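Report on the structure given below.
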Ligand SMILES: NC(=O)c1ccc[n+]([C@@H]2O[C@H](COP(=O)([O-])OP(=O)(O)OC[C@H]3O[C@@H](n4cnc5c(N)ncnc54)[C@H](OP(=O)(O)O)[C@@H]3O)[C@@H](O)[C@H]2O)c1
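Residue numbers (my numbering): 1266 to 1718.
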């Protein structure tokens, strides 16, 4: 049945009710996200049709191996190993990319967009590295490229940033956007597990990959931070712009000191905007930080994620939920699929608001409060020597506490924990270098940034 609007695929209808527009969907990939997506489309089609007048028909699903068992099961007649045939099929209206990685996802998405097909993707690695080239192709062809699931899984953050908060002056965005590391840190904090024990448990439960590097070193969170920073600040930030520190060196002792001072340790992805005479600079970092226990991010436990947005007029907002997992991610993809299909049926699209390349403020010029844990000789005059090093580099101490020497420590030594006021990273590094050279300083056990409420 033909439609009056050439952007519409076809209209179907039963009885005397209004006719639904059938949108034929091509899905690239049928793994953790793709398979639940096919199931959700089947389950939610009636409700989607009732709400939007759009009915989805899964037309083709590209995979690597058509004989692999799939859970939930999928109609084998839909499967193909020739992904390019899906993006070039003129009967397919919208494409979903849930293969992952850079190639062939990049070429397939570009081909689909050039052919006038809107694309929905969950691929953070791709967008954080070469997103801008795909946004430009989408704009040039007047179609949507939507990627809610690439930023924080099921948590709606891209759409709020590009729609509800488009007029807001966003100053800082802080996220717990990696469920694996939040699970590990929660087990270490609440159950006293060591890092190695908590990681092994996360792997057993399927929260962590066998090679956990991308999660524990902060690369996954960094890709998400780059995407969110680009949308929040209307600029282009790529994965290589993000400064990373992982969680592998966090010890039970750090956790205990954090608790003692009223903090909890979280891996944070932070994007900040700094206005200057030429416009603005952006700082994007991922590191484990001591977060004040009264801060809303401190209560985000286990594999849950959250994004905390600080706006000049809106104030503080927090978006919370599942940042990963097949069904949560498929839910976000489905939301985008409906949006892209509705836009296509109206003959409209919404350009991605990522502007020109950001000027990145390097980490050594960024500011934060810091926590230092220093082991020193327990002799008179040491405290003055240590605090003098802070003073010489303009790092002001907010609180300081000498800890009881723990069992494993040598007698005649003391642990001093310092919390500083906000200081610039390069001054903190200079302080650290001087402390390391002091005869009275035996060892610097840890240095963590501190986030106050
Ligand atoms: N899993 C999550 O919780 C989550 C959360 C947020 C975002 N994401 C993103 O979602 C995307 C998909 O993740 P996933 O966990 O679903 O991955 P996955 O389980 O590894 O599934 C990838 C799928 O792509 C297919 N595939 C791989 N290479 C292909 C090729 N050359 N041609 C056609 N099909 C190909 C695979 O086919 P076979 O099945 O035949 O091997 C598989 O079905 C990634 O970008 C990921 O970053 C995932």
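No residue lacks a Cβ here, since even glycine has one placed at the ideal position from N, Cα and C. Computed from a predicted structure; not experimentally measured.
#### Entry: Limits of the beta strand (DSSP E) - the one that residue 1535 falls within
Counted from its first residue, the chain shown places residue 1535 at position 270. Where residue 1535 is concerned, the enclosing beta strand (DSSP E) stretches over 1528-1541.
### Query
Which residues in the same chain as residue 1439 place their Cβ atom closer than 6 Å to its Cβ, once the five residues preceding and following it in sequence are excluded?
As a working mapping, residue 1439 is identified with position 174 in the chain shown. Cβ neighbours of residue 1439 beyond the five flanking positions: 1533, 1535 and 1573.
### Task
Verify the contact flag: residue 1333, CB atom, against every heavy atom of ligand 1, threshold strictly below 6 Å.
As a working note, residue 1333 is residue 68 in the chain shown. Yes.
### Message
Just to check my reading of the structure: residue 1618 and residue 1427 have Cβ atoms closer than 8 Å, yes? What is that Cβ distance to the nearest angstrom?
### Response
Counted from its first residue, the chain shown places residue 1618 at position 353. Counted from its first residue, the chain shown places residue 1427 at position 162. Indeed they touch by this definition, with Cβ atoms about 5 Å apart.
### Message
Residues in the same chain with beta-carbon distance under 8 Å from residue 1643, minus the five sequence neighbours each way, listed in chain order, please.
### Response
For the purposes of this step, residue 1643 is taken as residue 378 along the chain shown, with counting starting at 1. Closer than 8 Å at the Cβ level, and outside the excluded window around residue 1643, lie 1670, 1677, 1678 and 1679.
### Beta-carbon proximity check, residue 1610 vs residue 1286, cutoff 7 Å
The sequence position of residue 1610 within the chain shown is 345, counting from 1. The sequence position of residue 1286 within the chain shown is 21, counting from 1. One thing to note: residue 1610 has its Cβ within 7 Å of the Cβ of residue 1286.
### Task
Check whether the Cβ atoms of residue 1306 and residue 1326 sit closer than 7 Å, and answer yes or no.
Mapped onto the chain shown, residue 1306 falls at position 41. Mapped onto the chain shown, residue 1326 falls at position 61. Not a contact, by the Cβ cut-off of 7 Å.
### residue 1340, DSSP secondary structure in three states
Residue 1340 sits at position 75 when you count from the first residue of the chain shown. Coil.
### Query
Relative to ligand 1, is the shortest distance from any of its heavy atoms to the C-beta of residue 1416 smaller than 6 Å?
In the chain shown, the residue the question calls residue 1416 occupies position 151. Exclusion of residue 1416 from the 6 Å shell around ligand 1 follows from its C-beta lying no nearer than that to any non-hydrogen atom of the ligand.
### Message
For a test of your reading of the model: does the CB of residue 1361 fall under 6 Å from any non-hydrogen atom of ligand 1? Yes or no.
### Response
Taking the first residue of the chain shown as 1, we reach residue 1361 at position 96. Residue 1361: no, Cβ never under 6 Å from ligand 1.
### Endpoints, the beta strand (DSSP E) within which residue 1709 is located
Translated into the one-based positions of the chain shown, residue 1709 becomes position 444. Membership of residue 1709 in the beta strand (DSSP E) is indicated by the continuous run 1706-1716.
### Task
Throw me the rounded Cβ distance for the residue 1209 and residue 1402 pair, which I believe falls under 8 Å.
No answer is possible for residue 1209: the residues shown for the chain start at 1266 and end at 1718.
#### Entry: Residue of 1290, 1696, 1475 and 1303 minimising C-alpha distance to residue 1595
The residue labelled residue 1595 in the question sits at position 330 within the chain shown. With distances taken between Cα atoms, residue 1595 lies closest to 1303.
### Query
Who are the near neighbours of residue 1620 in its chain, counting only those whose CB is closer than 7 Å to its CB and skipping five residues on each side?
Indexing the chain shown from 1 puts residue 1620 at position 355. Excluding residues up to 5 positions away in sequence, 1499, 1500 and 1501 lie with their Cβ nearer than 7 Å to the Cβ of residue 1620 in the same chain.
#### Entry: Residue closest to residue 1579, alpha-carbon to alpha-carbon, out of 1562, 1292, 1706 and 1433
To locate residue 1579, count along the chain shown from 1; it is residue 314. Measuring from the Cα of residue 1579, the nearest candidate turns out to be 1433.
### Query
Under 7 Å, do residue 1508 and residue 1628 count as touching if we go by C-beta distance?
Looking up residue 1508 in the chain shown gives position 243. Looking up residue 1628 in the chain shown gives position 363. Yes, the Cβ-Cβ distance between residue 1508 and residue 1628 is below 7 Å.
### Message
Classify residue 1659: buried if its beta carbon has 16 or more other beta carbons within 10 angstroms, exposed otherwise.
### Response
Residue 1659 sits at position 394 when you count from the first residue of the chain shown. Label assigned to residue 1659: exposed.
### Task
Kindly give me the distance between the Cβ atoms of residue 1716 and residue 1556, rounded to whole angstroms, as I take these residues to be in contact under 8 Å.
As a position in the chain shown, residue 1716 is number 451, starting the count at 1. As a position in the chain shown, residue 1556 is number 291, starting the count at 1. Contact between residue 1716 and residue 1556 holds, since their C-beta atoms are separated by about 5 Å, short of 8 Å.
#### Entry: Whether residue 1634 touches residue 1696 by CB criterion (7 Å)
Numbered from its first residue, the chain shown carries residue 1634 at position 369. Numbered from its first residue, the chain shown carries residue 1696 at position 431. No, the pair does not count as a contact, with Cβ atoms beyond the cut-off.
### Message
Please report the distance separating the alpha-carbon of residue 1490 from that of residue 1639.
### Response
On the chain shown, residue 1490 is found 225 positions in, with the first residue counted as 1. On the chain shown, residue 1639 is found 374 positions in, with the first residue counted as 1. Those two C-alpha atoms are separated by around 31 Å.
#### Entry: Backbone CA spacing between residue 1655 and residue 1700 [nearest angstrom]
Within the chain shown, numbered from 1, the residue matching residue 1655 stands at position 390. Within the chain shown, numbered from 1, the residue matching residue 1700 stands at position 435. In a straight line, the C-alpha of residue 1655 is about 8 Å away from that of residue 1700.
### Query
What separation, rounded to the nearest whole angstrom, lies between the Cα atoms of residue 1665 and residue 1526?
As a working note, residue 1665 is residue 400 in the chain shown. As a working note, residue 1526 is residue 261 in the chain shown. A direct Cα-to-Cα measurement between residue 1665 and residue 1526 gives close to 10 Å.
### Query
When every heavy atom of ligand 1 is checked, does at least one fall within less than 6 Å of the C-beta of residue 1369?
Within the chain shown, the letter at position 104 stands for residue 1369. True, at least one ligand heavy atom lies under 6 Å from that Cβ.
### Message
I need the boundaries of the alpha helix (DSSP H) containing residue 1655, first residue and last residue.
### Response
Numbered from 1 along the chain shown, position 390 holds the residue referred to as residue 1655. Taken as a continuous stretch (DSSP letters only), the alpha helix (DSSP H) holding residue 1655 covers 1647-1657.
### Query
Which residue's Cα is closest to the Cα of residue 1357: 1335, 1575 and 1384?
Here residue 1357 is taken as the residue at index 92 of the chain shown, counted from 1. Considering only alpha carbons, the answer is 1384.
### Query
Between residue 1303 and ligand 1, is the CB less than 6 Å from at least one heavy atom?
Start at 1 with the first residue of the chain shown, and residue 1303 comes out as number 38. Checking every heavy atom of ligand 1 against the Cβ of residue 1303, none is found closer than 6 Å.
### Reference residue 1294, options 1469, 1364 and 1425, closest by Cα
Position 29 of the chain shown, counting from 1, holds the residue named residue 1294. Sorting 1469, 1364 and 1425 by C-alpha distance to the C-alpha of residue 1294 places 1364 at the top.
### Task
Measure the C-alpha to C-alpha separation of residue 1771 and residue 1291 and round it to an integer number of angstroms.
There is simply no residue 1771 to check, as the chain begins at 1266 and stops at 1718 in what is shown.
### Message
For ligand 1, is there any heavy atom lying closer than 6 Å to the beta carbon of residue 1678?
### Response
One-based indexing of the chain shown puts residue 1678 at position 413. Outside the cutoff, so no.
### Query
Which residues bound the alpha helix (DSSP H) around residue 1594?
For the purposes of this step, residue 1594 is identified with residue 329 of the chain shown, where counting begins at 1. First-last of the alpha helix (DSSP H) with residue 1594: 1591-1611.
### Continuous alpha helix (DSSP H) stretch holding residue 1287: start and end
For the purposes of this step, residue 1287 is taken as the residue at position 22 of the chain shown. Segment 1285-1293 is the beta strand (DSSP E) holding residue 1287; no alpha helix (DSSP H) there.
### Reduced DSSP secondary structure (H/G/I, E/B, other) of residue 1700
The count along the chain shown starts at 1 and reaches residue 1700 at position 435. Correct three-state label for residue 1700: helix.
### Query
Any idea what DSSP makes of residue 1516, helix, strand or coil?
As a first step, residue 1516 is located in the chain shown; it is residue number 251 there, counting from the start. Residue 1516: coil per DSSP, three-state reduction.
### Message
Looking at the secondary structure, which residues open and close the beta strand (DSSP E) in which residue 1553 lies?
### Response
Here the question's residue 1553 lines up with position 288 in the chain shown. Residue 1553 -> beta strand (DSSP E) spans 1544-1557.
### Query
For the region 1441-1450 against the region 1588-1607, are there 3 or more C-beta pairs whose distance is under 8 Å?
Short answer: they touch.
### Simplified DSSP state of residue 1296, which is helix, strand or coil
Here residue 1296 is taken as the residue at index 31 of the chain shown, counted from 1. Looking at residue 1296 - three-state DSSP - the assignment turns out to be coil, as it is neither helix nor strand.
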